[in-house]
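Trainee:
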Amino acid sequence: MSEQITERDPVCGMSVDPALAKASVERAGKTYYFCGAGCADRFRAAPEEYLNAGPPATPKPSSGVEYTCPMHPEIVRPGPGSCPICGMALEPRTAVAEEQENPELASMTRRFWTSAALTIPVLVLGMSDLIPGRPLQQFLSMRAIGWIELALATPVVLWGGWPFFERGWASFVNRSLNMFTLIALGTGTAYVYSLAAVLFPNIFPASFQQVPGEVPVYFEAAAAITTLVLLGQVLELRARSRTSAAIRALLKLSPKSARLVRGDGTEIDVPIEHIQPGDILRVRPGEKVPVDGIVVDGRSSVDESLLTGEPIPVEKIPGSRVIGGTVNAMGTFTVRADRVGGESMLAQIVRMVSEAQRSRAPVQQLADRVSAYFVPAVVLSAVLTFSIWGMFGPAPKMANALLNAVAVLIIACPCALGLATPMAIMVGAGRGALAGILIKSAEALETLEKVDTLLADKTGTLTEGKPRVTHILPTPDDFEAHVLEVAAALERPSEHPLAGAILAAADEHDIRPGDAAEFQYRTGKGVTGLVGGKRAALGNRELFAELGISLSALEEQAAKFESAGATVMFVAQDEKPIGLIGVTDPIKASTPDAIVRLRREGMRIVMVTGDSRATAESIARDLGIEEVHAAALPDQKREIVKRLQSEGHVVVVAGDGVNDAPALTQADVGIAMSTGTDVAIESAGITLLAGDLRGIARARALSRATMRNIRQNLFFAFAYNALGIPIAAGVLYPFFGLLLSPIIASAAMTFSSVSVIANALRLRHLEL
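Take 1465 as the starting number for the sequence shown in this note's numbering and just add one per residue.
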């Protein structure tokens, strides 16, 4: 996981992720990145103005945490603030273990409560003429009431609503109209009109007057809208902070200290950040495993459920790998630290989930296209509403025209539309992480719902990936120990699971293999090198055919081993075969159940392996898999994926080895087992921490639920605006005499955004 690189927008100073930048300009061999098209256009118009002025000022960081916009992840800045594109409050890019105070939330909460206290009397005064007998008017004139409303509403609108006016103005400057454009226009128009009505009532014509000499004011609408929008911001900021709960839960898994076993045998508790690779640590019953490492001594069962989603504790013996953050059960053991700090599995999970939460699903493109035209269309609708009511509406024409135009501006909130996808992706990716499903990109999560064909590698995917040597057959001129010694020497530099089996067998036979010179790995075929000064080779039939070495003396016995499910590797030295080694890799206990579940969901299962046909077919028979591609090299695996895709299939590939990487990359969705190689994990869009195929069924369930949630959110946002804007414009008035107050419109706008977030948060409780 490489560190995120950001560039400075030369116009506004905003930090921008180049990979997500909305615009870029080439000049004098250098590329400049911009947060939006507005900044890019201003730069193109007068580049020297910005280049000669030096770097623009940028807000001073309030902490070491970077902030980004959930709707526009290309926007990055060193402290809290608002997005220059949509105006939304920025949020921390990476969660920390303890939930920190959100300065934006604190500010909005303070403004809300103050504004609410001032708005209540404004509403009472504004609606006093609706009370039978109008008792308040017996003591105060309409003009006096207007002055009192002005005094109470001014701090609400100008102080409480100041952030909205700032964001609204920024939307015009950046040429990126958004929800705050509409809020600023709506509340600003109502307030300025009411201010003029109080200060200069005589300038208004009769069409604005309810009764002669009295011009109605709408301070209560401006104040109530501001207060309700503030309430919406408070609710939204609180809800959005909950989307990082999954990451915080993962971060809290990491213990703060570890028990270090020193060279003299004494033990001491030290802070976790002081642990170095190679240190020996003791893990006592009930304690969390402090770092990723290898068990050196002792045995126990470790609960890995919070990382893998599997509830059954995993037995750990010397040589077993343990993951930092998992919980030791009853036994005690020592572990040699392997990966610490940012290299640990837990740290990588947090980074991967954070990146996935910021990634954009293809379905988001629909919302982006609509949003680009939405706000200008709403402003045009408000202008048309004002014009139609001003010309054809009942008296007072202009007052009604203004009120309905403001209602149109306020109710048409594009925030719900923009939040529909990113909120569901954030919560879905977090829920997946807690179930042992690491989503690398939103695109993979979206595509997984559509897959209909699974290509599964055999070793490490269908099988345990922990093979053991079960047969050693030398040629008549050789002997077992020599065959095993040559094979072990060739496999010492290799990371392949079969290499581990051969080295373990050599250790059991007290064979100490030497080093192989000129070691060469032949992808999908085997390895070659010099052992004892003689040319040696270990691999499958393809390797020996390539080397021109005949295997006729071993073929009959090799076929028998393979029909029994063993993987056969031939060994040669001095350009002649000296024997073969048979390795058996047991099927994972979870694989049959996973195959049944996937088939029940209509998935086509295909085994693709580099192993021999006889071995592959033996495993396939046991699992009931009918379609098998054996002896497949990495490029051939990729070609199989391409062929299936050309036939119209959406293909998911599950694998764990280096030789699976090309197929994982070619697939519509690549799924890697965490027990596999780093290359496979980097090539895949999804990683299963539990390392078995049941995780694919859970991942598909997560994908379906997340996409269903996104579609619900998008439908609600579209339907809300499709119904809300005409009602606010007064389309029901000719039939039912109904008008939508701007205050009700503001409450509806707030509800739309909060409801989308609340719907997305339901994914946190999804059963997988």
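Idealized CB from N, CA, C, for every residue including glycine.
Does Arg2164 come out as helix, strand or coil in the three-state DSSP assignment?
Mentor: Stepping through the sequence shown from its first residue, residue 2164 is reached at position 700. Residue state, collapsed to three classes: helix.
Trainee: Indicate whether Ile2207 and Ala1876 have their beta-carbon atoms separated by less than 9 Å.
Mentor: Position 743 of the sequence shown, counted from the first residue, corresponds to residue 2207. Position 412 of the sequence shown, counted from the first residue, corresponds to residue 1876. Not in contact: Ile2207 and Ala1876 (Cβ atoms no closer than 9 Å).
Trainee: Across which residues does DSSP place Leu1919 in a beta bridge pair?
Mentor: Residue 1919 sits at position 455 when you count from the first residue of the sequence shown. Note: Leu1919 sits in a beta bridge opposite Val2070 and Val2117.
Trainee: Could you tell me whether the Cβ atoms of Arg1763 and Pro1782 are closer together than 9 Å?
Mentor: Against the sequence shown, residue 1763 aligns to sequence position 299. Against the sequence shown, residue 1782 aligns to sequence position 318. Yes. Within cutoff.
Trainee: Quick check on His1935: does DSSP put it in helix, strand or coil?
Mentor: To locate residue 1935, count along the sequence shown from 1; it is residue 471. Of the three classes helix, strand and coil, the one that applies to His1935 here is strand, per DSSP.
Trainee: Give the straight-line distance between the Cα atoms of Val1747 and Arg1723, rounded to the nearest whole angstrom.
Mentor: By one-based count along the sequence shown, residue 1747 stands at place 283. By one-based count along the sequence shown, residue 1723 stands at place 259. Whole-angstrom Cα-Cα distance: 7 Å.
Trainee: For Val1847, count neighbouring Cβ atoms within 10 angstroms of its own Cβ and tell me buried if that reaches 16, exposed if not.
Mentor: Looking up residue 1847 in the sequence shown gives position 383. It is exposed - the Cβ of Val1847 has fewer than 16 other Cβ atoms within 10 Å.
Trainee: What residue ranges within the region 1729-1775 form continuous beta strand (DSSP E) runs of no fewer than 3 residues, ordered along the chain?
Mentor: With a minimum length of 3 residues, the continuous beta strand (DSSP E) runs that stay inside the region 1729-1775 are 1731-1735, 1744-1747, 1756-1762 and 1764-1767.
Trainee: Could you name the residues that DSSP lists as bridge partners for Leu1724?
Mentor: Against the sequence shown, residue 1724 aligns to sequence position 260. Paired residues: Ile1732 and Leu1745.
Trainee: Where does the unbroken alpha helix (DSSP H) through Ser2110 begin, and where does it stop?
Mentor: One-based indexing of the sequence shown puts residue 2110 at position 646. Here the alpha helix (DSSP H) through Ser2110 covers Pro2098 to Ser2110.
Trainee: Between the region 2160-2179 and the region 1905-1914, can you find at least three pairs of beta-carbon atoms closer than 8 Å?
Mentor: yes
Trainee: Expressed to the nearest angstrom, what Euclidean distance is found between the alpha-carbon atoms of Ala1509 and Met1855?
Mentor: Here residue 1509 is taken as the residue at index 45 of the sequence shown, counted from 1. Here residue 1855 is taken as the residue at index 391 of the sequence shown, counted from 1. Taking the straight line from one Cα to the other gives about 42 Å.
Trainee: From Leu2002 to Val2035, what does the alpha carbon distance come to, in whole angstroms?
Mentor: Translated into the one-based positions of the sequence shown, residue 2002 becomes position 538. Translated into the one-based positions of the sequence shown, residue 2035 becomes position 571. So the two alpha carbons sit approximately 5 Å from each other.
Trainee: Would you call Met2071 buried or exposed, if buried means 16 or more other Cβ atoms sit within 10 Å of its Cβ?
Mentor: As a first step, residue 2071 must be located in the sequence shown, where it is residue number 607. Burial call: buried.
Trainee: What is the C-beta distance between Ala2148 and Gly2134, in whole angstroms, given that I count them as a contact (C-beta under 8 Å)?
Mentor: Locating residue 2148 in the sequence shown gives position 684, counting from the first residue. Locating residue 2134 in the sequence shown gives position 670, counting from the first residue. Right, their Cβ atoms sit about 4 Å apart.
Trainee: Here's a check: name, in chain order, each residue in its chain whose Cβ is nearer than 6 Å to the Cβ of Thr1849, leaving out the five neighbours to either side.
Mentor: Numbered from its first residue, the sequence shown carries residue 1849 at position 385. Cβ neighbours of Thr1849 beyond the five flanking positions: Asn1868, Ala1869, Val1872 and Ala2193.
Trainee: Can you grab the Cα-Cα spacing for the pair Ser1958 / Glu1807, in whole Å?
Mentor: Translated into positions along the sequence shown, residue 1958 becomes position 494. Translated into positions along the sequence shown, residue 1807 becomes position 343. Approximately 22 Å between the Cα atoms of the pair.
Trainee: Can you tell me which of Glu1944, Ile2059 and Thr1796 puts its alpha carbon nearest to the alpha carbon of Thr1925?
Mentor: Counting from 1 along the sequence shown, the entry for residue 1925 is found at position 461. Ranking the options by Cα distance to Thr1925, first place goes to Ile2059.
Trainee: Give me, in chain order, the residues of the same chain whose beta-carbon lies closer than 7 Å to that of Ser1635; leave out the 5 immediate sequence neighbours on both sides.
Mentor: As a working note, residue 1635 is residue 171 in the sequence shown. Cβ within range, chain order: Gly1551, Leu1641, Asn1642, Phe1644 and Thr1645.
Trainee: Identify which residue in His1973, Asn2004 and Gly1805 has its Cα closest to the Cα of Tyr1985.
Mentor: Mapped onto the sequence shown, residue 1985 falls at position 521. Out of His1973, Asn2004 and Gly1805, Asn2004 has the C-alpha closest to the C-alpha of Tyr1985.
Trainee: How many whole angstroms separate the CB atoms of Asp1756 and Gly1788, which I take to be in contact at a CB cut-off of 8 Å?
Mentor: Taking the first residue of the sequence shown as position 1, residue 1756 is located at position 292. Taking the first residue of the sequence shown as position 1, residue 1788 is located at position 324. Correct: roughly 5 Å between the Cβ atoms.
Trainee: Under a three-way DSSP split, which group does His1536 fall into?
Mentor: Translated into the one-based positions of the sequence shown, residue 1536 becomes position 72. Secondary structure at His1536: coil, using DSSP grouped into helix, strand and coil.
Trainee: What separation, rounded to the nearest whole angstrom, lies between the Cα atoms of Arg2077 and Thr2031?
Mentor: For the purposes of this step, residue 2077 is taken as residue 613 along the sequence shown, with counting starting at 1. For the purposes of this step, residue 2031 is taken as residue 567 along the sequence shown, with counting starting at 1. So the two alpha carbons sit approximately 10 Å from each other.
Trainee: Measure the alpha-carbon distance for Ala1570 versus Ala1685 and round it to whole angstroms.
Mentor: Position 106 of the sequence shown holds residue 1570. Position 221 of the sequence shown holds residue 1685. Their Cα atoms are separated by approximately 25 Å.
Trainee: On a CA-only basis, which of Ser2217, Asp1743, Ser1605 and Lys1922 is nearest Gly1729? Give me that one, please.
Mentor: Residue mapping note: residue 1729 aligns to position 265 of the sequence shown, counting from 1. Nearest option by C-alpha distance: Asp1743.
Trainee: Met1862: which of Val1679, Val1621, Val2047 and Thr1578 sits nearest, CA to CA?
Mentor: As a first step, residue 1862 must be located in the sequence shown, where it is residue number 398. The candidate whose alpha carbon is nearest that of Met1862 is Val1679.
Trainee: What is the rounded straight-line gap between the Cα of Gly1996 and the Cα of Val1947?
Mentor: Within the sequence shown, the letter at position 532 stands for residue 1996. Within the sequence shown, the letter at position 483 stands for residue 1947. For Gly1996 and Val1947, the distance between alpha carbons rounds to 13 Å.
Trainee: Measuring alpha carbon to alpha carbon, tell me which of Phe1664, Met1572, Leu1554 and Gly1892 ends up nearest Arg1607.
Mentor: Counting from one through the sequence shown, the residue named residue 1607 turns up at place 143. Cα-wise, what sits closest to Arg1607 is Phe1664.
Trainee: By the three-class DSSP mapping on this structure, what secondary structure does Tyr1985 have?
Mentor: Residue 1985 sits at position 521 when you count from the first residue of the sequence shown. Look at Tyr1985 here: in three-state DSSP terms it is strand.
Trainee: Using only the alpha-carbon positions, how far apart do Phe2199 and Ser1851 sit?
Mentor: The sequence position of residue 2199 within the sequence shown is 735, counting from 1. The sequence position of residue 1851 within the sequence shown is 387, counting from 1. For the pair Phe2199 and Ser1851, the Cα-to-Cα distance works out to about 20 Å.
Trainee: Does Glu1928 come out as helix, strand or coil in the three-state DSSP assignment?
Mentor: Mapped onto the sequence shown, residue 1928 falls at position 464. Residue state, collapsed to three classes: coil.
Trainee: Quick one: what does DSSP say Ser1488 is sitting in, helix, strand or coil?
Mentor: As a position in the sequence shown, residue 1488 is number 24, starting the count at 1. DSSP places Ser1488 in strand when its eight states are reduced to three.
Trainee: Who are Glu1471's beta bridge partners in DSSP?
Mentor: Translated into positions along the sequence shown, residue 1471 becomes position 7. According to the DSSP secondary-structure assignment, Glu1471 is paired through a beta bridge with Val1480.
Trainee: Can you list, in chain order, the residues of its chain with a C-beta nearer than 6 Å to that of Asp2156? Leave out the 5 residues immediately preceding and following it.
Mentor: Here residue 2156 corresponds to residue number 692 of the sequence shown, with the count starting at 1. If we look at Asp2156 and ignore the five residues flanking it on each side, its Cβ neighbours are Lys2052 and Ser2054.
Trainee: Our contact map puts Glu1613 next to Val1693 with C-beta atoms below 8 Å; I'd like the distance itself, whole angstroms only.
Mentor: Start at 1 with the first residue of the sequence shown, and residue 1613 comes out as number 149. Start at 1 with the first residue of the sequence shown, and residue 1693 comes out as number 229. Not quite, the Cβ-Cβ distance comes to about 19 Å (not below 8 Å), so this is no contact.
Trainee: How far does the beta strand (DSSP E) with Leu2152 in it extend, from its first residue to its last?
Mentor: As a working note, residue 2152 is residue 688 in the sequence shown. DSSP places Leu2152 inside the beta strand (DSSP E), whose first and last residues are Ile2150 to Leu2152.
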